[in-house]
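In this note's numbering, the protein residues as written are 1 to 480.
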């Protein structure tokens, strides 16, 4: 399934053949800027231009709405364990939220727009990209410690992504290049070939390919040694988002011409989906590959069933319409949690929302960004969501909506955030041409936070396991 969101606030679901699943549903009252599935595929987070984000279940029910950002959210992402949501905003901040909507942390690394955020697969590092031309890596356990800032791009860094094994970080820039970095910040190589800005990139699940998309309307597939394998052409406008299917066999690309295109990795165009009359800003496969979510200018997030080709539903941001909820702003970034149960969405006004993927209900809205959230990324265990913000900060959120930490970068806007596969490192890319690596563990090392995270993991076990003593069943009471 593929999820897409557009600038009119509409969210749609698609199957892999390009058929619409269910009915579209508006996700927020503003354009959808970002969309993300939770790791378990059951929750969707959407973000919008008006600085709000919403959590939904797969039935289109709103689980949570956060509307305190005040600036466009460019990116939203679940941590790999699905417990934390990160949002990146136009004001340069990254905020971390719990799934209950509590602000956990505000990350400030500069004063420029956050364009992208990404958790490492192990959830220990949050990467943010910014318009200050940098990528920053944040330690999820100690966000006050910037472990690495990556310099080398000559223009704003718009996207950042970890390889599945967490050993490589890719950054895409308006300078037309893609750079590959070691986790310790060493530059491996620079990929050149796009005729203009590169604004989105992703590793294939098997780590054989890196895909990059640009304003020249093409998607390029690269081997990691820098060899250009294939150029996918056919879009009439910039390709600004794409997503590999979890099995690595397909690639979905979203374009400003309002289309979603499904490709095989040998470059064959499988299907063109005319999703919207306007811009599509974000597209994402659910973790099980059965749902496609799309978001963009038309103020909603839509879900499509990949197998049947039936549109499942449209997420609407507010319940004052017969259809349900309605966005009034663009959704710039979407991210599924690793287990696929939650979708995070972010918009240009700093709002990140978490959604229950199964029901479509909003779980909560994460508020607190002072600018647009440009990128979202869940940590690999799904417990942390990183958000990259246009003011250069990155926020780390727990799934209950608490801010775990706010990372301060150089002040340039964050374009992209990405966790390493082990979750220990967060990479951030920004408009100051830098990539920063952050150590995740140190920022979350306080006793209270360790207790909270431990009880999130073990609480149900303690309550329900018949082999646990009655005294031990109450160990986590009062810890949240």
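For every residue, glycine included, the Cβ atom is placed at its ideal position computed from N, Cα and C.
This one's a predicted model, so the numbers in the text were calculated from it and none came from an experiment.
query, result
"Residue 462, DSSP secondary structure in three states", "helix"
"Residue 10 (DSSP reduced to helix, strand or coil)", "strand"
"Counted within 10 angstroms of its Cβ, other Cβ atoms place residue 79 as buried (16 or more) or exposed", "buried"
"DSSP-derived helix/strand/coil call for residue 440", "helix"
"Cα-Cα separation between residue 295 and residue 346, rounded to whole angstroms", "10 Å"
"Length of the line joining the Cα atoms of residue 108 and residue 58", "33 Å"
"Of the residues 305, 245 and 390, the one placed nearest residue 333, counting alpha carbons only", "390"
"Pair within 8 Å by beta-carbon distance, residue 164 and residue 421", "yes"
"Unbroken beta strand (DSSP E) run spanning residue 267, endpoints", "Counting along the chain, residue 267 falls outside any beta strand (DSSP E), and DSSP gives it neither H nor E."
"Helix, strand or coil at residue 186 [DSSP, three-state]", "coil"
"Coil, strand or helix - residue 48 by DSSP", "strand"
"Cβ-Cβ distance between residue 481 and residue 414 below 8 Å", "The structure shown does not extend to residue 481, since the chain spans only 1 to 480, so no value can be given for it."
"Residue 233 burial status per 10 Å Cβ neighbour count (16 or more: buried)", "exposed"
"Whole-number beta carbon distance between residue 10 and residue 301, since they are thought to touch under 8 Å", "7 Å"
"Reduced DSSP secondary structure (H/G/I, E/B, other) of residue 332", "strand"
"Extent of the continuous beta strand (DSSP E) run through residue 421", "414-423"
"The segment 109-123 touching the segment 74-88, judged by at least three CB pairs closer than 8 Å", "yes"
"Exposed unless 16 or more other CB atoms sit within 10 angstroms - verdict on residue 264", "exposed"
"Nearest residue (CA-CA) to residue 171, options 455, 468 and 432", "432"
"Cutoff 7 Å; reference residue 408; Cβ partners in own chain excluding five residues on either side", "107, 108, 109 and 393"
"Residue 405, enclosing beta strand (DSSP E) - first and last residue", "403-408"
"CB contact flag (residue 87, residue 53, <8 Å)", "yes"
"Where residue 470 falls, given that 16 or more other Cβ within 10 Å makes a residue buried", "exposed"
"Residue closest to residue 270, alpha-carbon to alpha-carbon, out of 356, 251, 223 and 285", "251"
"Segment limits, beta strand (DSSP E) that includes residue 67", "Where residue 67 is concerned, there is no enclosing beta strand (DSSP E), given that its DSSP letter is neither H nor E."
"Coarse secondary structure for residue 356, derived from DSSP in three states", "strand"
"Residues bridged to residue 168 [DSSP beta-bridge criterion]", "182"
"First through last residue of the beta strand (DSSP E) which encompasses residue 74", "73-78"
"Those runs of the alpha helix (DSSP H) which lie wholly inside the segment 92-139 and span at least 4 residues", "none"
"Selected residue, minimal CA-CA separation from residue 103, among 181, 434, 113 and 84", "84"
"Option in 35, 313, 173 and 224 with minimal Cα separation from residue 213", "173"
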